[in-house]
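Here the protein sequences come in this chain order: A and B.
Numbering-wise (this note's numbering), the first sequence opens with residue 9 and increments by one.
Numbering-wise (this note's numbering), the second sequence opens with residue 9 and increments by one.
A short worksheet on the structure shown next.
Protein chains: 2
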Amino acid sequence: MRRNQTEAAVLGALSVQPMTGYALREAIRDVLGHFWSESFGQIYPTLRALVQQGLVTQIPSSSNGRTSFTLTEPGLVRLRELLAESIQDPPPRNGLMLRLYFGRHLGPDACRALIAQTKAQAEGQLAGYQAIRDDILTMADSNQDSPYWLLTLSAGEHTTRALIAWADEALTCLADLTSTESAPTPTSLETPPN
Amino acid sequence: MRRNQTEAAVLGALSVQPMTGYALREAIRDVLGHFWSESFGQIYPTLRALVQQGLVTQIPSSSNGRTSFTLTEPGLVRLRELLAESIQDPPPRNGLMLRLYFGRHLGPDACRALIAQTKAQAEGQLAGYQAIRDDILTMADSNQDSPYWLLTLSAGEHTTRALIAWADEALTCLADLTSTESAPTPTSLETPPN
DNA sequence: CGCTACATGTAAGGTGTTACATGATTCC
DNA sequence: GGAATCATGTAACACCTTACATGTAGCG
Numbered sequence: 009m010r011r012n013q014t015e016a017a018v019l020g021a022l023s024v025q026p027m028t029g030y031a032l033r034e035a036i037r038d039v040l041g042h043f044w045s046e047s048f049g050q051i052y053p054t055l056r057a058l059v060q061q062g063l064v065t066q067i068p069s070s071s072n073g074r075t076s077f078t079l080t081e082p083g084l085v086r087l088r089e090l091l092a093e094s095i096q097d098p099p100p101r102n103g104l105m106l107r108l109y110f111g112r113h114l115g116p117d118a119c120r121a122l123i124a125q126t127k128a129q130a131e132g133q134l135a136g137y138q139a140i141r142d143d144i145l146t147m148a149d150s151n152q153d154s155p156y157w158l159l160t161l162s163a164g165e166h167t168t169r170a171l172i173a174w175a176d177e178a179l180t181c182l183a184d185l186t187s188t189e190s191a192p193t194p195t196s197l198e199t200p201p202n
Numbered sequence: 009m010r011r012n013q014t015e016a017a018v019l020g021a022l023s024v025q026p027m028t029g030y031a032l033r034e035a036i037r038d039v040l041g042h043f044w045s046e047s048f049g050q051i052y053p054t055l056r057a058l059v060q061q062g063l064v065t066q067i068p069s070s071s072n073g074r075t076s077f078t079l080t081e082p083g084l085v086r087l088r089e090l091l092a093e094s095i096q097d098p099p100p101r102n103g104l105m106l107r108l109y110f111g112r113h114l115g116p117d118a119c120r121a122l123i124a125q126t127k128a129q130a131e132g133q134l135a136g137y138q139a140i141r142d143d144i145l146t147m148a149d150s151n152q153d154s155p156y157w158l159l160t161l162s163a164g165e166h167t168t169r170a171l172i173a174w175a176d177e178a179l180t181c182l183a184d185l186t187s188t189e190s191a192p193t194p195t196s197l198e199t200p201p202n
């Protein structure tokens with residue numbers, strides 16, 4: 009069951025503008041980074057296959073060995089086909105959740121550290137989203153794609169904000185856990201909450 | 009760079025209670041399903057390796073060929089080690105976002121259908137979470153793990169609710185897009201919104 | 001001239017799924 | 001007795017990353 013997802017990502021990126029393989033990887037990392045990823049080991053073989061199928065053409069730029077890849081008409085048709093195929097996401101694998109689910113063996117403090125780290129990452133990401141949003145908005149008038157790009161950006165913002173809200177909630181829950189554990193006699197009146 | 013994540017998931021699941029390989033897969037699918045997954049092709053070889061390392065013991069149940077696997081003391085130590093390792097999540101690959109990013113080539117209607125489908129799925133998931141929450145709460149008094157389980161459940165609820173909120177927002181954005189496209193003269197007063 | 005970034009590619013190896021094969025048990 | 005479920009396993013294959021190899025171009 010071939011998924012051809014790399015093909016779709018490459019054709020899609022080239023539909024925005026022609027690029028070299030190197031630039032393609034940079035674009036996928038920097039622009040689609042929140043929801044997609046491809047490595048060189050995928051990109052170059054895929055490009056060669058696409059050229060052989062005539063979905064993409066290679067334009068040697070000046071004298072160097074470097075070539076830009078451009079989407080052809082059949083390539084655009086193929087892209088539409090691939091995008092219309094049913095979505096088949098890889099099975100979920102969230103290392104943070106796995107650790108928290110078995111968090112009793114890890115200890116409340118280690119769990120809190122993991123969550124705090126996640127929250128900090130999420131806050132950084134949120135700031136990055138703002139920068140991307142500004143970028144898209146400045147080119148919005150001349151770019152037909154911008155409404156769709158804002159859609160995916162908004163999804164990232166929503167889920168990231170939800171993650172931060174969850175982290176705050178989780179941190180207070182774990183704080184309660186630690187305090188009740190260090191004071192194993194909940195009915196005791198003498199032990200003050202530190 | 010071995011990740012041993014399957015090992016951690018299997019040891020973790022067995023730390024809750026002894027099981028057969030088959031039950032292990034069911035438990036991982038049904039209980040960790042929102043954030044984890046393992047297939048038979050992973051579980052059985054991993055179990056054999058764990059037995060060889062003495063991290064898990066095999067208890068033949070009565071006469072059948074079926075055996076339950078039980079976590080040993082060294083196995084518990086190993087589980088703690090694995091959980092303490094740094095998190096290395098697989099690179100993101102979100103098929104829905106890929107399609108929406110290049111949504112111009114797919115068309116607004118197809119995009120709306122994808123989002124509506126996602127929203128419906130998310131709403132179903134949310135109902136499922138409620139059932140799981142009830143299950144956990146009923147056994148909360150006798151189960152030391154329940155606070156941690158509620159943590160991961162809450163994460164699922166937060167992100168799922170965020171997804172639904174995003175979907176609603178996205179659907180209205182796309183509705184605007186369709187109407188402005190089908191009515192290329194925005195200043196026209198005669199064309200009624202269908 | 002050396003460092004960094006740009007650029008192209010390959011080979012090895014790990015990870016994980018799918019499909020298949022096989023058989024016992026349970027329930028109707 | 002037949003169907004569904006429980007149960008164990010393997011082999012082929014798809015997918016993808018990492019590390020390596022190689023070379024150019026621009027800049028201080």
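Glycine included, C-beta positions come from ideal geometry on N, C-alpha and C.
All values reported here derive from a predicted model rather than from experimental measurement.
Fill in: Exposed unless 16 or more other CB atoms sit within 10 angstroms - verdict on I67/B
exposed
Worksheet entry | Per-residue burial, N102/B [other beta carbons within 10 Å of its own, 16 or more giving buried] | buried
Worksheet item: With C-beta atoms as the reference, is G111/A less than 8 Å away from Y156/B?
Response: yes
Item to complete: Give the interface partners of P99/B over in chain A, defined as CB-CB distance under 7 Å, in chain order.
Response: S45
Discussion item. Using the three-state DSSP reduction, which class does G49/B fall into: helix, strand or coil?
Written reply: In the structure shown, G49/B sits in a helix (DSSP, three-state: H, G or I).
Discussion item. Cβ closer than 9 Å: which chain B residues qualify as neighbours of S23/A?
Written reply: F110, R112, H113
Worksheet item: Can you tell me whether DSSP reads G136/A as helix, strand or coil?
Response: helix
Discussion item. Any beta carbon of chain B sitting closer than 8 Å to that of L6/A?
Written reply: Since the first and last residues shown for chain A are 9 and 202, residue 6/A lies out of range.
Worksheet item: Do A118/A and L159/B have their C-beta atoms closer together than 8 Å?
Response: No, Cβ-Cβ distance for A118/A and L159/B is not below 8 Å.
Worksheet entry | Proximity of R88/B and L114/A at Cβ, strictly below 8 Å | Yes.
Worksheet item: Along chain A, which residues have their Cβ under 7 Å away from the Cβ of A163/B?
Response: M105, W174
Worksheet item: To which residues of the same chain is A35/B closer than 6 Å at the C-beta, ignoring the five residues directly before and after it?
Response: Same-chain partners within the cutoff: A21.
Item to complete: Quick one: which unbroken beta strand (DSSP E) runs of 3-plus residues sit fully inside the segment 60-133 of chain A? Chain order, please.
Response: Whole beta strand (DSSP E) segments, 3+ residues: 64-68, 75-79.
Worksheet entry | Cβ contact check for the segment 14-30 of chain B and the segment 45-57 of chain B: 3 or more pairs under 8 Å | yes
Discussion item. Tell me whether the segment 132-148 of chain A and the segment 140-153 of chain B touch, counting them as touching only if at least three CB pairs, one residue from each stretch, are closer than 8 Å.
Written reply: no
Practice prompt. Counting only the same chain and skipping the five closest in sequence on each side, list residues whose C-beta sits under 6 Å from that of T186/A.
Written response: Once the five neighbours on either side are set aside, the close Cβ partners of T186/A are P116.
Discussion item. Applying the 10 Å Cβ sphere with the 16-neighbour rule, what's the burial state of V18/A?
Written reply: buried
Discussion item. Can you find the residues in the same chain that come closer than 6 Å, C-beta to C-beta, to E81/A, ignoring five residues on each side of it along the sequence?
Written reply: None.
Item to complete: Could you check which residue in P26/A, A124/A, L90/A, H42/A has the C-alpha nearest to that of P99/B?
Response: H42/A
Worksheet item: If the cut is a Cβ gap below 7 Å, which residues of chain A does L91/B touch?
Response: R107, F110, H113, L114
Worksheet entry | Whether T126/A touches A175/A by CB criterion (8 Å) | yes
Fill in: First and last residue of the uninterrupted alpha helix (DSSP H) at A148/A
No alpha helix (DSSP H) holds A148/A; DSSP gives it neither H nor E.
Worksheet entry | Test item: CB-CB of V64/B and L79/B under 8 Å | yes
Discussion item. Within the continuous alpha helix (DSSP H) that includes D38/A, where are the two ends?
Written reply: Taken as a continuous stretch (DSSP letters only), the alpha helix (DSSP H) holding D38/A covers 29-38.
Worksheet item: Which of helix, strand or coil does DSSP assign to T41/B?
Response: The sequence given here has Gly at residue 41/B, not Thr. Three-state result, G41/B: coil.
Worksheet entry | Spatial distance of M105/B from L134/A (CA atoms) | 17 Å
Practice prompt. Just confirm the distance between the C-beta atoms of L91/B and R107/A, as a whole number of angstroms; I'd bet it's less than 8 Å.
Written response: 5 Å
Worksheet item: Within the 8 Å Cβ cut-off, does T193/B reach chain A?
Response: No answer about T193/B holds up, because its pLDDT of 46 lies below 50 and its placement is not dependable.
Fill in: Continuous alpha helix (DSSP H) stretch holding Q13/B: start and end
13-24
Worksheet item: With a CB to CB cut of under 8 Å and the five nearest residues on each side skipped, what residues in its chain are close to Y7/A?
Response: In the structure as shown, chain A starts at 9 and stops at 202, and residue 7/A therefore has no counterpart that could be examined.
Discussion item. Does D176/A come out as helix, strand or coil in the three-state DSSP assignment?
Written reply: helix
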